[in-house]
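Accompanying notes for the structure given below.
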Amino acid sequence: MNHPTNIGLIECEIPEKSFVQRSASLPRNLQVRKAFAFHEGAKTALRKRFPELELTADCEAILQDETIGLVLISAPSVNHRSMIGAALRANKQVQIV
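Read in order, the letters of the sequence shown correspond to residues 272 to 368 in the numbering used here.
The following block contains the structure:
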């Protein structure tokens with residue numbers, strides 16, 4: 272039996288193009304536990320889609336959480352490259368979505 276992988280989501284995109292709007296349901300072994308979003312509309316969409324989700328004030332809370340094994344970074348731009356590097360340095364699996 273596979274244990275669920277806790278996901279941290281960093282939402283860089285505007286709500287209409289966000290991961291939440293584009294994604295279908297996640298596999299059972301993946302659970303979004305924490306998220307950070309730059310835009311208020313994305314935060315609202317995240318709360319609606321994942322009611323048990325903890326929204327964080329910054330990305331560091333996701334990177335420092337030892338229970339999070341995978342970080343999804345949604346639609347990063349050139350300005351977000353440092354977040355990708357920081358997640359890798361924090362020994363997280365990283366996926367750009």
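Glycine included, each C-beta is placed from N, C-alpha and C at the ideal position.
Which same chain residues end up closer than 7 Å to L359 when comparing Cβ atoms and leaving out the 5 residues on each side of it in sequence?
Hits under 7 Å: V365.
Less than 7 Å between C-beta atoms, sequence neighbours within five positions excluded: which residues of the same chain meet that for L341?
Counting only Cβ-Cβ distances below 7 Å, and skipping sequence neighbours, we find T276, I278, K363, Q364 and Q366.
Could you check if F309 is buried or exposed, using at least 16 other CB atoms within 10 Å of its CB as the buried criterion?
Classification of F309: exposed, given that the 10 Å Cβ count is below 16.
Going by the CB atoms, is the gap between A306 and L324 shorter than 7 Å?
Yes, they are a contact pair.
In whole angstroms, give me the CA-to-CA distance for A332 and R304.
Roughly 11 Å separates the two Cα atoms.
If you follow the beta strand (DSSP E) that L324 is in, where does it begin and where does it stop?
No beta strand (DSSP E) holds L324; DSSP gives it neither H nor E.
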